[in-house]
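S.K.: Residue numbers (this note's numbering), protein chains in the order written: chain E, 141 to 392; chain B, 3 to 270. Quick reminder that beta carbons are idealized off the backbone N, C-alpha and C, glycines included.
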Ligand SMILES: Nc1ncnc2c1ncn2[C@@H]1O[C@H](COP(=O)(O)OP(=O)(O)O)[C@@H](O)[C@H]1O
Ligand SMILES: [Mg+2]
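(1) Roughly how many angstroms lie between the CA atoms of residue 346 of chain E and residue 178 of chain B, to the nearest whole one?
(2) Straight-line CA distance for residue 153 of chain E to residue 290 of chain E?
(3) Going by the beta-carbon positions, is the gap between residue 171 of chain E and residue 323 of chain E smaller than 9 Å?
(4) Between the Cα of residue 74 of chain B and those of B:12, B:231, B:14 and B:256, spot the shortest distance and give me the residue it belongs to.
(5) Just the Cα atoms here: how many angstroms apart are residue 168 of chain E and residue 325 of chain E?
(6) Please list the partners that residue 224 of chain E has in chain B, where partner means a Cβ-to-Cβ separation under 9 Å.
(7) Taking 8 Å as the cut-off, is the beta-carbon of residue 234 of chain E closer than that to any non-hydrogen atom of ligand 2?
(8) Let me know the secondary structure DSSP gives residue 191 of chain B once reduced to three states.
(9) Who are residue 197 of chain E's beta bridge partners in DSSP?
(10) Is any non-hydrogen atom of ligand 1 found closer than 8 Å to the C-beta of residue 295 of chain E, if you look at the structure I gave you?
(11) Provide the residue(s) that pair with residue 214 of chain E in DSSP beta bridges, ordered along the chain.
(12) Which chain B residues are close to residue 192 of chain E, counting only those with a beta carbon under 8 Å from its beta carbon?
(13) Beta-carbon of residue 211 of chain E versus every beta-carbon of chain B: anything under 9 Å?
(14) Taking the alpha-carbon positions, what's the residue 238 of chain B to residue 244 of chain B distance?
(15) Along chain B, in chain order, which residues have C-beta atoms closer than 9 Å to that of residue 287 of chain E?
(16) Strictly under 9 Å for the Cβ-Cβ distance: is residue 166 of chain B near chain E by that measure?
(17) Starting from the beta carbon of residue 149 of chain B, find every residue of chain E whose beta carbon is closer than 9 Å, and list them in chain order.
(18) Using alpha carbons as the reference points, say which of E:195, E:391 and E:328 lies closest to residue 294 of chain E.
(19) With a cut-off of 5 Å, give the chain-ordered residues whose Cβ is closer than this to any heavy atom of ligand 1.
(20) Going by Cα to Cα distance, which pick from B:159, B:209 and B:208 is closest to residue 191 of chain B?
(21) Please check if any C-beta of chain E sits within less than 9 Å of the C-beta of residue 182 of chain B.
(22) Residues of chain B with CB under 8 Å from residue 236 of chain E, in chain order?
(23) Under a three-way DSSP split, which group does residue 160 of chain B fall into?
(24) Between which two residues does the alpha helix (DSSP H) harbouring residue 383 of chain E extend?
(25) If we call anything under 9 Å between Cβ atoms a contact, is residue 207 of chain B one with residue 89 of chain B?
(26) Please state if the CB of residue 175 of chain B and the CB of residue 232 of chain E are separated by a distance shorter than 9 Å.
(27) Would you please state the rounded distance, in angstroms, between the beta carbons of residue 268 of chain E and residue 223 of chain E? I believe it to be under 8 Å.
(28) Should the segment 306 to 321 of chain E be regarded as contacting the segment 333 to 351 of chain E, the criterion being three or more beta carbon pairs within less than 8 Å?
(29) With 7 Å as the C-beta to C-beta threshold (strictly closer), list the residues of the segment 237 to 260 of chain E near chain B in chain order.
(30) So, using beta-carbon positions, are residue 142 of chain B and residue 250 of chain B closer together than 9 Å?
(31) Less than 9 Å between CB atoms is the rule here; does residue 320 of chain E satisfy it with respect to chain B?
(32) Assign residue 91 of chain E to one of two classes, buried (16 or more other C-beta atoms within 10 Å of its C-beta) or exposed (fewer than that).
(33) As a quick exercise: from B:248, B:234, B:189 and B:254, pick the residue whose alpha carbon is nearest that of residue 266 of chain B.
(34) With 9 Å set as the bound, which would you pick, yes or no: does the beta-carbon of residue 284 of chain E sit closer than that to a beta-carbon of chain B?
(35) Answer yes or no: does any C-beta atom of chain B fall closer than 9 Å to that of residue 365 of chain E?
(36) For residue 264 of chain E, would you say it is in contact with chain B, using Cβ-to-Cβ distances shorter than 9 Å as the test?
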């Protein structure tokens, strides 16, 4: 369950390719990080996988089912949280189950489970504007999980957080992910984050984005951020990514 | 602007009201004593604050003079308010769905936009002759409706259009579609604008009702009251009525603002 396959997927905007011929697989229960210079089409790939956008060419499959139209089997965690500001923490998390037409008591039980899981116990009735960035993204993660997805799609979820909170949230995400192992496609532009989180890291080329290189991270979790193997991996990934960033700078 | 805001705001507000009333009094007294007058104005005919206050108190409640009955200001306020509420409910019931449709669907927007853009530029008062001509009753309510419906439509459209597209995406990935997105995302997101439209609309509606009541006669209504008092030369009552119009309008505005604060907590 939760096997995502992108088969030579392209997406054109205004007759120019934003992503071109992307072939990518997220295996069952795998944590895959997508790394690439800004504007290379990382968000576009995630939106295509979620069915929020349709590829110009190519096909996308989730568990061998072709994705056409918005896919509720994906849990999307957004860059700037995208929480419903008029709903409380609980209300945000209950959105998916509510839309599904679940019984009121079941919805309540489910939301409480995820509120506790992400460590927001006591904040159930807070509105998003009353929360810190880290707490907002906890809501974002719980909201995605509460919809019982087969695949988690996360678009730079910690990009707006300060370094310290970011590290904590990475640990928290792995702790939650460890409890309910779902395949995850995680977009980031931080090499450190990718090496800390991922089973495999996919480096994308500069626009038009395509898969440039794939790195396996076979380090046991919990990981030491500064171990020698981690450092070595970081170096090779940085080299690969750096070349793309250079290309981008020469273009403009 | 809200009264009583800022440092010592309320104290300054009170002083300014007292100062204004004092100035008003002095000006009228000087004119009556032939000491000072503004050219081309009959300042001496304007009631003083005290005369106005006495007129206000004296005509606040219904009184019976022999066979004749004069309605109190309370009754006039009530009648005008009821008309504004009736016209407002109608405008809300029509304006919000129209605004949502026009804001959400390009097709509906394109169909209705030409009419809305032309008709909304006709002031409510321009509709009074037509209202008299075609409506058997409820002309004033219709004028209120005209005054209120466009601010509501325009603000609803604006609210709908400024719905964050990422919230719609989020709702889609959570399984919402079609009407679910409208009910659970677009409308809640537009709600602050809709209420703002209602608030602006009420201001316009309140002005419209007073104008309409001056022309579309009925025994009660503030517009009718001040016009009638003017006709009878009872200027103190007339000015008292004018002040009541201002005060009632002020409290209508404040109550919507309080409603907004109380029920739309998320829009910090
Ligand atoms: N809706 C759109 N219309 C036109 N161009 C778009 C649209 N969405 C994305 N793009 C373009 O596609 C490219 C990839 O965008 P995006 O996927 O957001 O990149 P990333 O997330 O890697 O920074 C960018 O050059 C961006 O300007
Ligand atoms: Mg992006």
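M.R.: Let me lay it out:
(1) A direct Cα-Cα distance of roughly 34 Å separates residue 346 of chain E from residue 178 of chain B.
(2) 29 Å
(3) yes
(4) Considering only alpha carbons, the answer is B:231.
(5) 11 Å
(6) 169, 172, 173, 186, 187, 190, 191 and 268
(7) Flag unset: Cβ of residue 234 of chain E not near ligand 2.
(8) helix
(9) E:150
(10) yes
(11) Residue 214 of chain E is bridged by DSSP to E:291.
(12) 171, 174 and 175
(13) yes
(14) Looking at the two C-alpha atoms, the distance is approximately 10 Å.
(15) 175, 176 and 177
(16) yes
(17) Result: empty, since nearest Cβ-Cβ is about 29 Å, beyond 9 Å.
(18) E:328
(19) E:153, E:158, E:178, E:179, E:180, E:181, E:182, E:183 and E:184
(20) B:159
(21) yes
(22) 176 and 177
(23) Annotated three-state conformation of residue 160 of chain B is helix, per DSSP.
(24) 368 to 391
(25) yes
(26) no
(27) 4 Å
(28) yes
(29) 239 and 240
(30) no
(31) no
(32) The displayed coordinates of chain E run from 141 to 392. Any statement about residue 91 of chain E would go beyond what the structure contains.
(33) B:189
(34) yes
(35) no
(36) No, residue 264 of chain E does not count as interfacial toward chain B.
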